[in-house]
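Below: one structure, written as structure tokens.
Numbering (the numbering used here), first residue to last: 58 to 308.
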């Protein structure tokens, strides 16, 4: 009836405005690489059966093709960025690898693309953790070298080199630490020989003095055994001297 048609017209106008808004939404979603959200909007428009609104759904088919083309292009570019990141990772250039992956839209980072073992987001997380570890190790090395805390430092240097094999400062520091280690080994062998001569000549305090000069990183079983031997002899001599003094005092 006429009255019903008059009442429905405002509803149709309101639905027409909603559909125009949905078209804008879908276009915005595609522009921001939110392809799934764009499809959900399209599904709402496609579901309209009112013949009075059919002229507003004509853009859907064309837009579907546009959406798919844009998504395919974005996926292709994402694949290239992942490939770039792999190459940078192989060169231990984690900042460059991270930069490549950060160019991939958030909406695609959760996808595991074709021929990729990891989604871009998971790969990005791995790289960020590696870069953070590199920065932490570099900071620790700087602090320990500055404080001259060199004992055990080679372990941290090796950890950094496993992450960045061509790290120039770490390679230089490793060479210096190895040279220092060789020097300390030579000094240890010299002091140990000196300690052996001292104990043979019954100079037990000199034996302990020589052994105490050996760096803690170079102490091994023979050094410990010789130290214990000298300490035991000194302890025995002190005890004997005490007994002798006590007996002499008793007379």
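The beta-carbon is built from N, C-alpha and C at its ideal position, and this holds for glycine as well.
Nearest-angstrom beta carbon gap, residue j and residue i [assumed within contact, 8 Å]
i           : j           : result
residue 248 : residue 271 : 5 Å
residue 155 : residue 185 : 6 Å
Three-way DSSP call (helix, strand, coil) for residue i in this model
i           : result
residue 208 : coil
residue 258 : coil
residue 173 : coil
residue 108 : Note that residue 108 scores a pLDDT of 49, beneath 50, so its modelled location is shaky; the value from the coordinates is reported in the next line. Residue 108 falls in the helix class under three-state DSSP.
residue 277 : coil
residue 122 : helix
residue 167 : coil
residue 270 : coil
residue 160 : coil
Cα-Cα separation between residue i and residue j, rounded to whole angstroms
i           : j           : result
residue 241 : residue 276 : 10 Å
residue 166 : residue 77  : 30 Å
residue 133 : residue 88  : 16 Å
residue 158 : residue 175 : 12 Å
residue 91  : residue 79  : 14 Å
residue 263 : residue 306 : 30 Å
residue 162 : residue 274 : 52 Å
residue 140 : residue 148 : 13 Å
residue 108 : residue 169 : Any reading at residue 108 is ruled out, since the residue's pLDDT is 49, under 50, leaving its predicted position unreliable.
residue 283 : residue 291 : 12 Å
residue 102 : residue 120 : 12 Å
Proximity test, residue i beta-carbon vs the ligand NAD heavy atom, cut-off 7 Å
i           : result
residue 147 : This structure lacks the ligand NAD; in fact it carries no ligand of any kind.
Output the residue ranges of the beta strand (DSSP E) runs that lie fully inside the segment 192 to 240 and measure 3 residues or longer, sorted by chain position. none
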